[in-house]
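Numbering (the working numbering), first residue to last: 20 to 256. Where a beta carbon is used, it is the ideal one built from N, C-alpha and C, also for glycine.
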Amino acid sequence: MNLNQDTPRHIAIIMDGNGRWAKMRGKQRSEGHAAGMEALRATIRNAAEAGVKYLTVYAFSTENWGRPQEEVDALMELICKGVEMESDNLREGGIRVCVMGRKQLFSPKVLKAIESIEEKTREGEQMTLILALDYSSRSEITEAVRQIARKVQSGELTLEQIDQQLISDSLLTAGVPDPDLVIRTSGEYRLSNFLLWQASYAELYFSEVLWPDFDKAELQKALEAYALRERRYGLVK
Ligand code: FPP
């Protein structure tokens with residue numbers, strides 16, 4: 020892939036369609052997630068090669084806890100296996116991994132896996148991979164509001180000091196540039212509680228392919244579509 024000035028610095032992806040991919044093949048949903056993991060591995064490599072600096076993926080939403088226990092267990096197992104198998108590759112590729120989301124509900128085993136991959140890859144400078152795990156944008160914003168209100172209550176902040184930058188800095192993505200491009204696969208046209216504040220000016224791209232089929236050519240198509248977009252941020256060109 021050619022690196023051009025129109026390469027998005029930050030891509031966020033809603034990896035949708037694993038279940039349908041599995042169903043179409045008469046497989047278990049967990050097999051769809053395993054295939055989705057392969058698509059994620061390839062996309063990490065392809066995005067880094069394209070010059071993307073931040074890749075955020077919606078791997079497990081807070082709402083996903085409500086899925087059948089068997090599927091939740093399979094996803095947790097996949098996180099642990101993925102960490103075990105990929106940590107060294109990611110470190111060697113200069114990929115820094117950060118996990119974004121509530122961490123209280125994960126088992127000690129999953130928490131250990133998360134901490135281990137964050138620690139192992141912390142020096143990575145090629146690209147930052149942000150795994151949204153037990154993530155909910157509305158909860159994130161609610162927590163930021165609480166944090167700010169507490170500071171106002173204690174006198175640490177005045178009302179006048181509350182501005183957009185302060186809100187951005189109070190979110191889990193503090194310090195990370197807003198996504199330039201949000202991709203959702205599987206022909207669904209929703210944000211589903213993902214990066215609602217951060218994606219205010221992101222370009223949205225919807226791919227018809229199911230996530231396990233999202234390959235280098237599909238990423239290339241999204242990048243080409245992005246390069247043709249005119250970003251005006253509410254202004255006149
Ligand atoms: C959405 O497809 C996908 C998920 C809820 C999980 C995404 C997980 C991966 C791509 C692989 C695992 C990666 C990590 C880091 C754990 P869906 O199940 O909603 O599909 P459907 O809409 O067709 O049912």
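Does the beta-carbon distance from Ser226 to Ile202 come in below 8 Å?
For the purposes of this step, residue 226 is taken as the residue at position 207 of the sequence shown. For the purposes of this step, residue 202 is taken as the residue at position 183 of the sequence shown. The Cβ atoms of Ser226 and Ile202 sit closer than 8 Å to each other.
For my contact list, Tyr245 and Leu210 are in at a C-beta cut-off of 8 Å; report their separation, rounded to the angstrom.
As a first step, residue 245 is located in the sequence shown; it is residue number 226 there, counting from the start. As a first step, residue 210 is located in the sequence shown; it is residue number 191 there, counting from the start. Tyr245 to Leu210, Cβ: 17 Å. No contact.
Could you tell me whether the Cβ atoms of Thr26 and Ala61 are closer together than 8 Å?
Here residue 26 refers to the residue found at position 7 when the sequence shown is read from its first residue. Here residue 61 refers to the residue found at position 42 when the sequence shown is read from its first residue. Result no, Cβ atoms of Thr26 and Ala61 do not sit closer than 8 Å.
Which residues does DSSP pair with Arg203 in a beta bridge?
By 1-based counting over the sequence shown, the position of residue 203 is 184. BP columns for Arg203 point to Ile33, Phe225.
Return the residue from the list Ala163, Asn37, Gly85 that minimises the CA-CA distance to Ile181.
If you number the sequence shown from 1, residue 181 lands on position 162. For the set Ala163, Asn37, Gly85, the Cα lying nearest the Cα of Ile181 is the one of Ala163.
State the Cα-Cα distance for the pair Arg251 and Ala221, rounded to the nearest angstrom.
Residue numbering aside, residue 251 sits at position 232 when the sequence shown is read from its first letter. Residue numbering aside, residue 221 sits at position 202 when the sequence shown is read from its first letter. Near 11 Å, if we compare the C-alpha coordinates of Ala221 and Arg251.
Let me know the beta strand (DSSP E) ranges lying completely inside the region 136–216, each 3 residues or longer, listed in chain order.
Counting whole runs of 3 or more residues, the region 136–216 contains the beta strand (DSSP E) stretches 146–154, 200–203.
Comparing the CB of Gly45 with every heavy atom of ligand 1, is any distance shorter than 7 Å?
Position 26 of the sequence shown, counted from the start, is the residue given in the question as residue 45. No.
State whether the region 108–117 contacts the region 133–145, with contact taken as three or more CB pairs (one from each stretch) at a distance under 8 Å.
Cβ pair count under 8 Å is three or more, so yes.
For Arg28, does the count of other Cβ atoms within 10 angstroms reach 16, so buried, or fall short, so exposed?
The residue given as residue 28 occupies position 9 in the sequence shown. Arg28 is exposed by the Cβ-count criterion.
Since Val76 is in the beta strand (DSSP E), which residue starts that stretch and which ends it?
Taking the sequence shown and counting its residues from 1, the one referred to as residue 76 is at position 57. Run containing Val76: 73–80, per the beta strand (DSSP E) assignment.
Cβ-heavy atom distance, Phe79 to ligand 1, below 7 Å:
Counted from its first residue, the sequence shown places residue 79 at position 60. Look at Phe79: its beta carbon is less than 7 Å from one of the heavy atoms in ligand 1.
Closer than 7 Å: is that where the CB of Trp216 sits relative to any heavy atom of ligand 1?
On the sequence shown, residue 216 is found 197 positions in, with the first residue counted as 1. Set against 7 Å, the gap from the CB of Trp216 to the closest heavy atom of ligand 1 is not smaller.
Check this for me: beta carbons of Val76 and Ile136, under 8 Å apart or not?
The sequence position of residue 76 within the sequence shown is 57, counting from 1. The sequence position of residue 136 within the sequence shown is 117, counting from 1. Taking 8 Å as the Cβ cut-off, Val76 and Ile136 do not qualify as a contacting pair.
Whole angstroms is fine: what's the gap from Leu254's alpha carbon to Leu223's?
In the sequence shown, the residue the question calls residue 254 occupies position 235. In the sequence shown, the residue the question calls residue 223 occupies position 204. The C-alpha of Leu254 lies about 18 Å from the C-alpha of Leu223.
Assuming Pro231 contacts Asn65 (C-beta within less than 8 Å), just tell me the rounded distance between them.
Here residue 231 is taken as the residue at index 212 of the sequence shown, counted from 1. Here residue 65 is taken as the residue at index 46 of the sequence shown, counted from 1. Incorrect: roughly 15 Å between the Cβ atoms, too far for contact.
If you check the beta carbons only, do Arg44 and Thr81 fall under 8 Å apart?
By one-based count along the sequence shown, residue 44 stands at place 25. By one-based count along the sequence shown, residue 81 stands at place 62. When the beta-carbon positions are compared, Arg44 and Thr81 stay at least 8 Å from each other.
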